[in-house]
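As structure tokens, the structure follows; a few thoughts come after it.
In UniProt numbering, the protein residues as written are 1 to 212.
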């Protein structure tokens, strides 16, 4: 890229060097920040097509060399070689409505499709994220319910076992108590028999001594 693109063309005319910040395609020169403001406000140049100088410098040199003006008149010219031609189209209009138009349309379509796909993927992931959260809550609730059910079942088993043990204890205690009472009665009877036997033995001894 020529060094003229890095300095303001207007300021160069007054022997002042200032860095250009934009490039005007119609003026075919760079403009500094001050000249840019005047250029954008002037009635004759406010509609000119401009580009930041950093972006202009990225344009391939082969494209930059293409001119849209006549070499003899320094303007759009068709009067010398095409006097009898009809239905002229401006080069800018042709470019705008053909290659660039188609290219931009294709790019726009591709970007729209890409944006639509991104939205679909984003919505799908957001839906998955929501379902993941809902599934987590559902599983947590099921775990809690299962735990409650298990605890309830274990409590019932515990109550049943305690009830059965209580009944067994009561029955066994009753049987043992009855047996103890019976043994006590038997023990009393045996004691009474032993007492009677002892008395009988004593009586016999007495009778023996009394007999000749």
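Backbone N, C-alpha and C define an ideal beta-carbon position, used for all residues, glycine too.
Here the structure is a predicted model, which is why all the values come from computation and not from measurement.
Where residue i and residue j are concerned, what is the direct C-alpha to C-alpha distance, given to the nearest angstrom?
i           : j           : result
residue 222 : residue 185 : Given that the chain is displayed from residue 1 to residue 212, the structure contains no residue 222 and the question cannot be resolved.
residue 27  : residue 113 : 38 Å
residue 164 : residue 157 : 10 Å
residue 38  : residue 128 : 55 Å
residue 148 : residue 140 : 12 Å
residue 12  : residue 61  : 22 Å
residue 80  : residue 59  : Annotation note: pLDDT 48 at residue 80 (below 50); position unreliable, coordinate value reported separately. So the alpha carbons of these two residues sit roughly 32 Å apart.
residue 190 : residue 196 : 10 Å
residue 42  : residue 108 : 33 Å
residue 178 : residue 168 : 15 Å
residue 174 : residue 194 : 30 Å
residue 201 : residue 188 : 20 Å
residue 155 : residue 143 : 18 Å
residue 17  : residue 104 : 37 Å
residue 118 : residue 48  : 36 Å
residue 166 : residue 182 : 24 Å
residue 180 : residue 172 : 12 Å
residue 55  : residue 125 : 37 Å
residue 110 : residue 130 : 30 Å
residue 146 : residue 106 : 58 Å
residue 46  : residue 15  : 25 Å
Any idea if residue i is buried or exposed, counting beta-carbon neighbours within 10 angstroms, 16 or more meaning buried?
i           : result
residue 10  : buried
residue 30  : buried
residue 198 : exposed
residue 36  : buried
residue 24  : buried
residue 152 : exposed
residue 50  : buried
residue 83  : Residue placement at residue 83 is flagged as unreliable, the pLDDT there being 48, under the threshold of 50; a coordinate-derived value is accordingly withheld.
Start and end of the beta strand (DSSP E) containing residue i?
i          : result
residue 26 : Note, residue 26: premise wrong, no beta strand (DSSP E); not H, not E.
residue 52 : 50-52
If residue i sits next to residue j, beta carbons under 8 Å apart, how far is it from one beta carbon to the other, in whole angstroms?
i          : j          : result
residue 40 : residue 21 : The pair is not a contact, with the Cβ atoms about 11 Å apart (cut-off 8 Å).
So the alpha helix (DSSP H) residue i belongs to, where does it begin and stop?
i          : result
residue 44 : Residue 44 -> no alpha helix (DSSP H), and no H or E assigned at all.
residue 13 : 9-13
Closest by CA to residue i, which one among the options?
i          : options    : result
residue 57 : 136, 7, 16 : 7
residue 53 : 19, 43, 45 : 19
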